[in-house]
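Going by the numbering used here, 121 is the number at position 112 of the sequence shown; the sequence numbering is gapless. Heads up, the beta-carbon is just placed ideally off N, CA and C, and yes, glycines get one too. Predicted model only: the values in this text are computed from it and were never measured.
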Amino acid sequence: MLESILIAFALAMDCFTVSVVCGVIIQRFEGRTAFTLAVLFGLFQALMPLIGWALTTSFSSYLQAIDHWVAFGMLALIGGKMVADSFKEEEQSSMNPRDLRTQVLLAIATSIDALAVGISYACTGYDTLGQLAMPLVIIGIVSFGMSLLGFGLGIRFGEIINRKMRPELLGGIILIGIGVKILIEHLG
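Pasting the structure below:
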């Protein structure tokens, strides 16, 4: 149980960070946006280990060979777009955390490294879905909670950050940094 909780918090850190950035960009609490973002982050953080576990028997070496590149590519693409948008006039900027497509892309990109967790579950004796259910629920709940917390902190401190830096520039740099971190961890 403790191991599952620790893994859940480790996986939720990217969700937390991206949620902070989304809160900074939006600058006010919007329950629907916060809830949708948190649900998507929690859902994808729980589903990716399940997918990794399910595919391990026949595709594990292939998935391990590319999962970090996919995560890096998606985060670099979204982050690069945010950096470019930060230099446009405000009404031209297109990074919109309220947009469901953006939320889904962020949820997928931040959860791809969780595939490796699913692969490790398969390799460490989780033989049935029943054994895997509790860790997946814990991962989903922790990611949901950390996303809500991050969103709230981004809103709370967003005005301060806005005065000192463009939030999309900060968010883009953070997303690219997360992508680079994932890439370095897997290549190192």
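Shortest alpha-carbon distance to residue i belongs to which of the options?
i	options	result
F25	T45, L157 and V113	L157
P106	K190, V27 and M22	V27
Do residue j and residue i come within 8 Å of each other at the CB atom, strictly closer than that value?
i	j	result
L192	F81	yes
L20	A123	yes
G32	G181	no
I117	M91	no
M57	G127	yes
Could you round the C-beta distance between residue i and residue j to whole angstroms and report it? I think they count as a contact, below 8 Å.
i	j	result
A17	S152	7 Å
L141	L15	The pair is not a contact, with the Cβ atoms about 17 Å apart (cut-off 8 Å).
Q112	L196	Not confirmed; about 28 Å, so no contact.
With DSSP as the reference, label residue i as helix, strand or coil.
i	result
K190	helix
E12	helix
F38	coil
T65	helix
P144	helix
R107	coil
D94	helix
Y135	coil
L196	helix
D23	helix
D76	helix
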